[in-house]
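Reviewing the structure listed below.
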Amino acid sequence: MALNLFNTLSRSVQTFAPLDPHGLKVGMYCCGPTVYDYAHIGNWRTFVFADLVRRLLEFNGYQVTHVMNITDVEDKIIKRVREQATTLRLFTSQYETAFLEDLRALGCREPHQKPRATEHIPQIIALIEKLLARGIAYQAPDGSVYFSIDKYRGCGCQYGQLLKLNFDEMRAGERVKSDEYAKESIADFALWKTRVPEDGAVYWRSPFGEGRPGWHIECSAMSTSILGDTFDLHLGGEDLVFPHHEDEIAQSEGATGKPFVKFWLHGAHLLVEGKKMSKSLGNYFTLRDLQAKGYTGREVRYLLLSAHYRETFNFTLEGLAGAKTALARIDECVAKLRELAGSGKALGAEPTTIQSLREEATSALTPALSPGRGGIVGSPTERVALNPDPGSEDDSLVAAFQAALNEDLNISAAWGTVFEWVRKTNRALAENTLTVPGAAAALAGWEKINTVLGIGLAAEAEAPAELQALLVERQNARKNKDFKRSDEIRDQLKALGWVIEDSPKGQRLKKL
RNA sequence: GGCGGGGUAGCCAAGUGGUAAGGCAGGGCUCUGCAAAAGCCUCAUCCGUCGGUUCGAUUCCGACCCUCGCCUCCA
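Okay, here's the thing in structure tokens:
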């Protein structure tokens with residue numbers, strides 16, 4: 191089944207094919223976080239989108255090397271390091287750690303490589319030297335090194351591959367004071383920024399003097415040194431199209447003379463409560479803010495994954511509440527299937543421990559040829575698919591789901607197939623027409639597509655013993671038709687955050 | 001000013017030249033002693049406005065209105 195993706199380079203949907211002659215390995219680079227603060231919900235939309243792309247590639251059988259840089263030197267970082275009188279590493283490591291925690295909470299698979307800019311200074315310097323040698327870069331009187339758009343174009347290279355540029359019509363100027371720049375041309379951008387007193391201890395030695403890398407060069411240096419001069423996929427938020435990605439192309443192709451990236455994918459931004467997110471409007475959320483409101487990472491993930499990646503998405507608290515309910519509907523259905531499928535021990539559907547599931551998932555999903563320390567950091571309860579019986583009814587779910595996502599990640603249509611399946615399954619469950627093998631097959635289908643959705647399972651909280659005791663007491667009260675006591679216990683449990691569900695099979699305690 | 005997205009039910013959000021997926025909320029019902037964030041059913045004569053093409057347009061074309069983004073740090 192062909193995977194079609196919208197390529198910003200061609201501004202059209204194209205069938206994806208890897209550069210690898212065997213059609214197996216895929217190199218994917220995603221612009222990662224600048225670690226100067228906690229990442230906000232808008233950042234997360236992009237990272238969850240990148241995770242979806244990776245998971246879908248893997249679902250389609252590719253061996254993906256997923257690289258995400260950590261930008262740990264940059265203007266804002268330097269400013270805060272100075273203000274807080276700390277060191278660069280000390281300052282950035284706390285936010286890097288927080289970032290990775292959040293990434294995990296959102297059910298994202300950990301990138302195979304997470305290169306830090308500060309650990310790739312030699313590669314960055316080498317790249318700048320190459321550009322200087324080719325005459326595409328120049329050192330200004332102040333010591334900084336700039337990339338020359340004119341020289342680059344003079345070599346027959348194209349600047350403006352990702353968008354149409356019309357320099358004459360651009361509003362270059364308002365915020366650019368010409369005397370601040372030693373650049374030859376306004377469009378040129380810094381490769382190496384010469385050291386200034388405000389930088390404090392943040393500088394490196396280089397053949398062009400003390401200083402630090404410019405904004406765009408790190409991505410070119412790290413992506414090509416890890417994935418090669420030309421690689422398959424590069425993703426990021428839509429705001430990075432210009433100038434960041436355009437400049438990455440210029441630097442990389444200017445240095446190597448080869449095409450940089452085959453497919454560029456850009457995720458749209460989100461609004462919060464219909465407005466651009468801003469701290470002053472009070473609609474600025476980090477994942478931690480939402481967790482403090484009682485939402486889990488998987489609920490946030492679900493909401494972020496509910497709309498097409500190229501459309502602006504309106505993130506609302508009401509929507510998040512809806513996400514929680516919708517997810518509970520899926521959980522409920524899967525739990526019932528599990529109950530039914532688990533009742534047929536003879537069919538090999540024996541209960542499995544979380545630990546064994548993790549091992550299973552890790553061994554099955556870690557790409558054998560991936561370099562470094564890849565692996566699964568998704569939800570700990572995430573399960574890898576069992577092999578569904580060919581011809582079982584739920585092949586239709588998997589096929590419809592995959593068809594939807596392979597059409598430029600039509601996630602809304604994909605969720606549509608999931609919820610139709612939920613309704614169909616619930617109906618069969620209610621009518622008692624689902625057999626044990628049927629339930630196992632349905633479950634297998636769900637688990638297979640869940641390797642792409644990555645929403646794992648709801649954390650199945652075990653009720654503490656004292657609550658279990660209350661439950662038994664309530665059962666006895668009901669048996670004796672002491673409904674007053676029974677309802678008291680129900681209220682008591684509800685106050686503690688647990689809700690009782692009565693069913694013909696007995697009581698069930700569910701965490702709110 | 002240049003370039004690029006959008007406008008589909010109360011909210012969110014897919015989609016198609018042939019008569020509107022899905023989720024949330026709402027309504028009805030079932031189960032229940034009563035309930036339930038348990039289940040089922042239901043919920044857009046209509047897709048920003050006005051024209052055009054067509055047997056037929058929400059879907060194609062044109063104009064207009066509104067809205068968002070990039071052009072400057074930014075996911």
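Sequential numbering of the first sequence, starting at 191, is according to this note's numbering. Even glycine gets a Cβ: it sits at the ideal position worked out from N, Cα and C.
With a CB to CB cut of under 6 Å and the five nearest residues on each side skipped, what residues in its chain are close to residue i?
i    : result
P208 : V216 and D422
S202 : none
L527 : A629, A632 and L633
E463 : N473 and T506
L214 : Q253
A440 : Y342 and Y349
Using alpha carbons as the reference points, say which of the options lies closest to residue i.
i    : options                   : result
L471 : L461, A655 and H435       : L461
V335 : K320, T625 and Y349       : K320
D332 : E300, R294 and A372       : A372
L624 : G635, C298, L530 and P305 : L530
V257 : L660, G635, A307 and V642 : A307
I231 : M467, H498 and L595       : M467
K695 : L643, T641 and A620       : A620
F379 : D692, P654 and H435       : H435
F281 : D262, I339 and L660       : D262
D227 : L477, C345 and A603       : L477
L199 : H456, T236, Y393 and K671 : H456
A192 : L595, Y219 and V642       : L595
For residue i, which residues of its own chain have a beta-carbon under 7 Å away from its beta-carbon, when the five flanking residues on both sides are left out?
i    : result
F289 : P223, V225 and A229
R675 : A667
D479 : none
A618 : L624
S442 : S410, T414 and F450
Assuming residue i and residue j make a contact with CB atoms under 8 Å, what is their CB distance in whole Å?
i    : j    : result
A590 : T607 : 4 Å
R664 : I679 : 4 Å
F239 : L352 : Between L352 and F239 the Cβ distance is about 17 Å, and since that is not below 8 Å, they are no contact.
F206 : R500 : About 16 Å; that fails the 8 Å criterion.
H459 : E438 : Not really, about 20 Å apart at Cβ, beyond 8 Å.
I326 : L495 : 41 Å between Cβ atoms; not a contact.
N259 : P305 : 5 Å
H406 : W454 : About 15 Å; that fails the 8 Å criterion.
R272 : E388 : 7 Å
Going by beta carbon distance, what residues of the same chain come within less than 8 Å of residue i, once the five residues before and after it are set aside?
i    : result
H310 : E408, A411, M412 and S415
N577 : Confidence at N577 is low in this model, with a pLDDT of 37, below 50, so its placement is unreliable and no value can be given for it.
Q697 : L661, R664, Q665, I690 and E691
L246 : L193, L595, N596, L599 and V642
Q658 : L699
What does DSSP give as the partner residues of residue i in its beta bridges?
i    : result
N179 : In the structure as shown, the chain begins at 191 and stops at 702. Residue 179 is therefore absent and cannot be evaluated.
W688 : K701
H310 : DSSP lists no partner for H310.
M412 : DSSP lists no partner for M412.
M258 : C220
A497 : DSSP lists no partner for A497.
F453 : L423
N197 : S202
W394 : G401
Q706 : Residue 706 falls outside the range modelled here, since the chain spans only 191 to 702, and no answer is possible.
A380 : Y336
H230 : T476
E144 : As shown, the chain starts at 191 and ends at 702. That puts residue 144 outside it, with no answer to give.
Segment contact, 8 Å Cβ cut-off, at least three pairs: the stretch 379-386 with the stretch 272-290: Of all C-beta pairs linking the stretch 379-386 to the stretch 272-290, fewer than three are shorter than 8 Å, placing the two stretches out of contact.
Stretch pair the stretch 440-450 + the stretch 483-493: three plus CB contacts closer than 8 Å: Judged by Cβ distances under 8 Å, the stretch 440-450 makes no contact with the stretch 483-493, as fewer than three pairs qualify.
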